[in-house]
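Only one structure is covered here, and it is reproduced in the block below.
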């Protein structure tokens with residue numbers, strides 16, 4: 001029984017924290033409860049759009065983490081190529097010290113290959129670093145898209161409260177909600193342009209890596 005009570009307390013605390021985060025600065029659910037069922041039905045689109053944006057934002061974070069993991073692997077590859085390059089340099093130095101022309105020719109060829117592989121690995125790093133930037137920009141864009149969806153939801157809620165002449169509607173300023181929505185939309189549009197810029201640069205670096 002005690003365990004059950006503790007679980008309920010923890011659940012209540014978690015719910016309250018989540019609720020505070022989700023509904024902060026939003027339209028009161030108590031006020032919305034004064035609307036008719038038919039009026040509440042009109043919120044389906046905006047409510048579902050918020051849900052979709054949350055899912056997309058979560059997905060963007062997954063892609064960002066994957067890009068970071070790919071970069072880590074690429075850095076390990078670079079370190080391996082650096083070690084191989086050092087070994088090739090040492091082999092050439094030993095061959096020259098021994099004045100062995102056959103060994104020198106082989107060592108020089110190995111060093112040229114090591115140089116190419118090292119440069120190739122460096123270009124890979126440049127590409128993967130930019131891919132991380134692309135995904136980070138995507139996370140920011142989707143975060144703002146979620147904010148836009150939430151502001152659209154709030155605007156729809158306040159509009160309906162005013163339309164239905166709910167007494168508590170006087171607490172809300174529709175022009176203020178509209179102004180905040182428009183501001184967030186501009187921020188989102190800027191984020192879209194920023195992501196596009198990062199993607200263009202990433203394509204260039206990918207092409208440079210592919211042609212190396």
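In the numbering used here, the protein residues as written are 1 to 212.
Every residue, glycine too, gets a C-beta built ideally from N, C-alpha and C.
Nearest-angstrom Cα separation, counted from residue j out to residue i
i, j, result
"residue 102", "residue 115", "20 Å"
"residue 134", "residue 203", "10 Å"
"residue 210", "residue 105", "29 Å"
"residue 155", "residue 191", "22 Å"
"residue 163", "residue 178", "16 Å"
"residue 86", "residue 107", "12 Å"
"residue 118", "residue 65", "26 Å"
"residue 23", "residue 205", "The pLDDT assigned to residue 23 is 37, lower than 50, so where the model puts this residue is not dependable; a value taken from the coordinates is nonetheless given after this. If you take the alpha carbons of residue 23 and residue 205, they lie about 43 Å apart."
"residue 196", "residue 80", "33 Å"
"residue 214", "residue 198", "In the structure as shown, the chain starts at 1 and stops at 212, and residue 214 therefore has no counterpart that could be examined."
"residue 176", "residue 31", "18 Å"
"residue 193", "residue 143", "15 Å"
Coil, strand or helix - residue i by DSSP
i, result
"residue 43", "coil"
"residue 49", "helix"
"residue 63", "helix"
"residue 32", "helix"
"residue 172", "coil"
"residue 147", "helix"
"residue 9", "With a pLDDT of only 38 at residue 9, under the threshold of 50, the placement of this residue in the model should not be trusted, and no figure is reported."
"residue 192", "helix"
"residue 69", "helix"
"residue 165", "coil"
Best match in the options for proximity to residue i [C-alpha to C-alpha]
i, options, result
"residue 126", "43, 208, 167, 147", "208"
"residue 41", "187, 206, 167, 157", "157"
"residue 182", "30, 121, 150", "150"
"residue 38", "161, 76, 175", "161"
"residue 29", "189, 145, 168", "168"
"residue 121", "145, 100, 77", "77"
"residue 52", "94, 33, 146, 70", "146"
Nearest-angstrom beta carbon gap, residue j and residue i [assumed within contact, 8 Å]
i, j, result
"residue 166", "residue 35", "7 Å"
"residue 180", "residue 50", "Going by Cβ atoms, the distance from residue 180 to residue 50 rounds to 15 Å, so no, they are not a contact pair."
"residue 132", "residue 72", "That pair is no contact at about 10 Å."
"residue 123", "residue 212", "5 Å"
"residue 201", "residue 130", "6 Å"
"residue 148", "residue 185", "6 Å"
Three or more C-beta pairs under 8 Å: does that hold for the stretch 57 to 65 against the stretch 134 to 146? Cβ pair count under 8 Å is three or more, so yes.
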